[in-house]
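S.K.: Here's a structure for you.
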Ligand code: 3H9
């Protein structure tokens, strides 16, 4: 038996203990160990009940995700669980931490389940593009009913032990020491003469299922699950649970699970699982780097961005000072924050008491003196270098020694900003994405002199305010915007070439983007894009570049905020406008841009995505991002790219970099080198048949 699972006995109670740090995942030795331990229990005449319990921080948190995509190795989990369940003596799972995925499925292979109050149980496989493939789709509906089971599996959200107990997934809540409580529970069950209670032998409660149930459920989940493969597969499994016998439904589950496993969606979502963990690690900033103590935060600028940023800190229970230039602006800023919170209360996502608590944490200041005791100062004023320099020079005078000075710039050079202070080591970029209290991405921009403890503290603070932080280097637009510009450029160029804006957006939307590039441009503000166009460092010499934006801005079409941009807006819905088409046509004629006919959907996606991937390759060469997967995290968290595409770099890998380069060469012939010359790294990987992922692995 492997060391990762051990068998012991105290009197009539056997203990099967899993010890496979960090999260007791069900890797092969654990499956083997479980199989052998349960066999040992069955054969141990002295043992009357077995408790499955885990060492370390959690109960089994699922199958070992690193094994997925490789050939399965026997014993496969469903087999282990079936053998466990068949045991003639009672078995009890004792849960602490998180019993997730295969972990909960294993617990459901036991006859009874107890848990500490802080434990959580759930089937989050959907987040990995999978379904609970070790009989979870058949067992959970039998325990808590098909509707509740579907809700849990389609959302992937774990249930706290108390709720799981109410629902029937957990039989007993154990206060105090888990092992002692589980032992007492096992003894009580024995004294009551409890028998093995096998979920596979239970019936599904069909009282809530009528002939419309599944069709209605499908409709209900359509919006939230748009484009994803696994949710429909889960639904099919639960349909099987109420229509065919258990053994047949398990076979069906296995087929549908394998389809998920082989899907590009699951590969992408598994990639992101690891990408989101990798990006928290900065190669030259070890995890034991000392942190600075952050108790009080200041936000400079009470506009939409500053207000949203302040809310993040207050939501995390930190004191925040919002600084504005005068009382009027301050009152306005605080008013917007209150209104935002009130909206959240109205939606039922916050209580009025929580609103009061958050507002009590936010105070105002109009003088710099009011922020001199703050440990972290986030500047969130208008994107203008001169203004930012002025502010940082002032901060240098007033901020306390050791305070972190952060700028929420989206394009500007952090080193230039840091240079106006006597403490460039304390300066860092904190690039939030609008709306800052909602979007999960935070680009942390490392200047030449940013100190390691400033980076480590910023990373930790990002976690505190529930953001996904990615550390990037200084360049125009950093990672996200720099790659977003070619994407917008291609959308603009296609409009100029006569492709309807709404067609481009529809194709991007169908590919999975939350919104097409033209809709996003209107949302961000065409005036903002036009400003970027004028300030663009190393802007290609091309009079046609973003010319449609320029012309629209000239006639006051700034996007959603003026009700007219690339589209007209009746409320928030975009309506195509022939005036825009005419402007694009006139500009195309003036500039001699050829009109395209019969552009395929494939071309639209290639031009949008491959232009971005190429910029990503340049970013990697320059060391602006540490890993291709960091770039993927940026796009999924900040730019509405669907998780099932895995981010732009993963998408390139999935398509095949040779194919990406071949398509680029096609466009290079048509348009020349400016936008379509493959970056050396991309060309090299394509030539050697490698992926970005393999390149990252070989780069350590
Ligand atoms: C499944 O079960 C399929 C079955 O239905 C069917 C099978 C036939 N495997 O997140 P953390 C690593 S699908 C391998 O930072 P936390 C993780 O990469 C699975 N590795 O900790 C990280 O490594 P590193 C269903 C895993 O405390 C380290 O552990 N289960 C796995 O913030 C620490 O992780 C899930 O989807 C794994 N399953 O959160 C649960 N899990 O240090 C996935 C973690 O090198 N796991 N690692 O970066 C989680 O949600 C969180 O890890 C958990 C702990 C909540 C448990």
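Residue numbers (the working numbering): 36 to 735. Ideal Cβ placement from N, Cα and C applies to all residues, glycine included. Remember, it's a predicted structure, so these values are computed and weren't measured experimentally.
Whose CA, out of 70, 47, 48, lies closest to the CA of residue 40?
M.R.: It is 70.
S.K.: Could you spell out the range, first to last residue, of the alpha helix (DSSP H) harbouring residue 465?
M.R.: Residue 465 -> not in any alpha helix (DSSP H); beta strand (DSSP E) instead, spanning 462–467.
S.K.: Taking the Cβ atom as the reference point for each residue, do residue 565 and residue 609 lie within a distance shorter than 9 Å?
M.R.: No.
S.K.: Given residue 340, which residues of its chain have a CB within under 8 Å of its CB, disregarding the five upstream and five downstream residues?
M.R.: 415, 443, 467, 469, 471
S.K.: Taking 8 Å as the cut-off, is the beta-carbon of residue 159 closer than that to any non-hydrogen atom of the ligand 3H9?
M.R.: yes
S.K.: At a cut of 8 Å, does the region 86–104 reach the region 135–142 through at least three beta carbon pairs?
M.R.: yes
S.K.: If we ignore side chains and look at the alpha-carbon of each, how far apart do residue 296 and residue 104 end up?
M.R.: 7 Å
S.K.: What residue does the alpha helix (DSSP H) around residue 376 start on, and which one ends it?
M.R.: 362–381
S.K.: Can you give the Cα-Cα distance for residue 502 and residue 491, rounded to whole angstroms?
M.R.: 14 Å
S.K.: Please classify residue 412: does DSSP put it in a helix, a strand, or coil?
M.R.: strand
S.K.: Locate the alpha helix (DSSP H) running through residue 481, then write down its first and last residues.
M.R.: First-last for residue 481: 476–481, but that is the beta strand (DSSP E), not the alpha helix (DSSP H).
S.K.: Can you name, in chain order, every residue of its own chain whose Cβ lies under 6 Å from the Cβ of residue 642, other than the five neighbours on each side?
M.R.: 525
S.K.: Kindly examine the ligand 3H9 and report whether one of its heavy atoms sits closer than 8 Å to the Cβ of residue 171.
M.R.: yes
S.K.: Does DSSP put residue 54 in a helix, in a strand, or in coil?
M.R.: coil
S.K.: Given a threshold of 16 other Cβ atoms within 10 Å of its Cβ, counted over all protein chains shown, does residue 751 qualify as buried or as exposed?
M.R.: Because the chain spans 36 through 735 in this model, residue 751 falls outside it and cannot be assessed.
S.K.: Do residue 83 and residue 225 come within 9 Å of each other at the CB atom, strictly closer than that value?
M.R.: yes
S.K.: Is it buried or exposed for residue 671, if we count other Cβ within 10 angstroms and need 16 for buried?
M.R.: buried
S.K.: Does the beta carbon of residue 61 fall short of 8 Å from some heavy atom of the ligand 3H9?
M.R.: yes
S.K.: Short check: CB of residue 149 to CB of residue 220, under 9 Å?
M.R.: yes
S.K.: What is the rounded straight-line gap between the Cα of residue 554 and the Cα of residue 537?
M.R.: If I take the Cα positions, the gap works out to 9 Å.
S.K.: So, at 6 Å on beta carbons, what are the nonlocal neighbours of residue 199 in its own chain, with the 5 sequence-adjacent residues on each side left out?
M.R.: Taken in chain order, the residues that qualify are 156, 205.
S.K.: Considering only C-alpha positions, which residue in the set 154, 231, 210, 207 is nearest to residue 193?
M.R.: The residue with the shortest Cα to Cα distance from residue 193 is 154.
S.K.: In angstroms, rounded to a whole number, what distance separates the CA positions of residue 576 and residue 710?
M.R.: 11 Å
S.K.: Leaving out five residues before and five after residue 56 in sequence, what residues of the same chain have Cβ atoms less than 6 Å from its Cβ?
M.R.: Counting only residues of its own chain and dropping the five nearest sequence neighbours on each side, residue 56 has a CB closer than 6 Å to the CB of 91.
S.K.: Is the Cβ-Cβ distance between residue 439 and residue 408 less than 9 Å?
M.R.: Not a contact, by the Cβ cut-off of 9 Å.
S.K.: Can you tell me which of 146, 130, 65, 135 puts its alpha carbon nearest to the alpha carbon of residue 109?
M.R.: With distances taken between CA atoms, residue 109 lies nearest to 65 out of 146, 130, 65, 135.
S.K.: Based on Cα-Cα distance, which residue from 315, 300, 120, 132 lies nearest to residue 230?
M.R.: 120
S.K.: Please report how far the alpha carbon of residue 596 lies from the alpha carbon of residue 360, in whole angstroms.
M.R.: 25 Å
S.K.: Quick check: residue 208 and residue 217, are their CB atoms within less than 9 Å of each other?
M.R.: no
S.K.: So, with DSSP's three-state summary, where would you put residue 147?
M.R.: If DSSP states are grouped into helix, strand and coil, residue 147 belongs with the strands.
S.K.: Measuring alpha carbon to alpha carbon, tell me which residue in 458, 637, 519 is nearest residue 539.
M.R.: 637
S.K.: Where are the alpha helix (DSSP H) runs, 4 residues long or more, that stay fully inside the region 549–610, in chain order?
M.R.: 552–559, 561–570, 582–589
S.K.: Work out the CA separation of residue 522 and residue 549 for me, nearest whole Å.
M.R.: 14 Å
S.K.: Can you tell me where the beta strand (DSSP E) with residue 130 in it begins and where it stops?
M.R.: 125–130
S.K.: When the Cα atoms are used, what is the spatial distance from residue 528 to residue 633?
M.R.: 15 Å
S.K.: Determine, using beta carbons only, whether residue 337 and residue 368 come nearer to each other than 9 Å.
M.R.: Yes; because the gap between Cβ atoms is below 9 Å, this pair is in contact.
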